[in-house]
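Worksheet: the structure to be examined is printed underneath.
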């Protein structure tokens, strides 16, 4: 009988630990290369905006950060739910590992948004639907982190966190569609699936390169954090002692 | 290239504070977070090494 790699092969923390260990440096590399390319095009090739002048260049970090903040929340809630429903250890660990990075991207989206709002709207902050729902997203992330840290029993912490994460997921479509549902100061969607882009090609290219970079970064950093969590939780497991060897006794 | 000199580049048409204030915070975080995660992993790794050493010394103890 032929043995084929099964779908759940990498659901074993031991396998994931090894695979992620190989992937993380490459993912950081991809993130760095795409960031250099994106920043080069965004800062040196893309033209000045006719209405916003140079202030618009904040878009190259603001939009990718905002996208990642929503995407990572859905990933976190999804893995938390899988971990809860199927009692899958690795899924719960992934959810935990995604949360700090998601919270950081949410903060960065709000921060860069404030630095863009000041010169273009004349204010750092308004209680507009888009901004408020993004702020709620930050509180959801922080609430999740505080909740799972507060419960000592790992499984119960994962379950409580999953409940919060899944309920909070309703906020994500609210953020996304807020600019359409309400009259907001925030501009409409930057990229629409149904309409031709309104931006210059070079601006769009830079933003997409930065998005790929942020995406690779998010994978790298959450995989790396998951590896740390795997070691923390599987400290007693037999396989860990095959992986953890003193540096001096490793084969060259 | 749309810039005449380094000064103009950093001035960003008068929006330097806003553009660089955004980019800098993003850059600082994206350098700090991988470092913090690396540190977290090393800590967990070293804890297990310590377990192993203690386990060994227990077995070899008279």
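Residue numbers (this note's numbering), protein chains in the order written: chain A, 1 to 252; chain B, 1001 to 1062. In this text, a Cβ means the ideal position worked out from N, Cα and C, and glycines have one as well. Small disclaimer: the values here were computed from a predicted structure and weren't measured.
Within the region 159–179 of chain A, not one residue has a Cβ closer than 8 Å to any Cβ of chain B. Residues of the region 1040–1056 of chain B with a C-beta less than 8 Å from any C-beta of chain A: 1040, 1041, 1043, 1044, 1045, 1047, 1048, 1049, 1051 and 1052, listed in chain order. Counting along the chain, residue 178 of chain A sits inside the alpha helix (DSSP H) bounded by residues 171–181. Interface flag for residue 1035 of chain B against chain A is unset, since no Cβ pair is found closer than 8 Å. Looking at A:36, A:12, A:26 and A:73, the one whose alpha-carbon comes closest to that of residue 176 of chain A is A:73.
The C-beta distance from residue 178 of chain A to residue 109 of chain A rounds to 13 Å, too long to meet the 8 Å contact threshold. The C-beta of residue 1025 of chain B comes closer than 8 Å to at least one C-beta of chain A. Boundaries for residue 187 of chain A: no alpha helix (DSSP H) harbours it, and the DSSP string shows neither H nor E there. Within chain A, the residues 48, 53, 54 and 55 have their CB atoms less than 8 Å from the CB of residue 1013 of chain B, given in chain order. Distance between residue 96 of chain A and residue 58 of chain A, taken at the CA atoms: about 30 Å.
At a cut-off of 8 Å between beta carbons, residue 1006 of chain B makes no contact with chain A. For residue 49 of chain A, the pairing in a beta bridge is given by DSSP as A:53. In the three-state reduction of the DSSP assignment, residue 199 of chain A falls in the coil class, being assigned neither a helical nor a strand state. In chain order, 1030 make up the part of chain B whose C-beta sits under 7 Å from the C-beta of residue 217 of chain A. Of the other Cβ atoms in all chains shown, 16 or more fall within 10 Å of the Cβ of residue 89 of chain A; this residue is therefore buried. One finds 1044 in chain B with Cβ atoms closer than 7 Å to the Cβ of residue 232 of chain A, taken in chain order.
A distance below 8 Å separates the beta carbons of residue 116 of chain A and residue 55 of chain A.
Below 8 Å, too few C-beta pairs join the region 69–87 of chain A and the region 1022–1037 of chain B to call them touching: fewer than three. By the Cβ test, the region 77–85 of chain A is not in contact with the region 220–232 of chain A, since fewer than three Cβ pairs between them sit closer than 8 Å.
Counting only residues of its own chain and dropping the five nearest sequence neighbours on each side, residue 21 of chain A has a CB closer than 7 Å to the CB of 227. Below 8 Å, too few C-beta pairs join the region 99–114 of chain A and the region 1003–1016 of chain B to call them touching: fewer than three.
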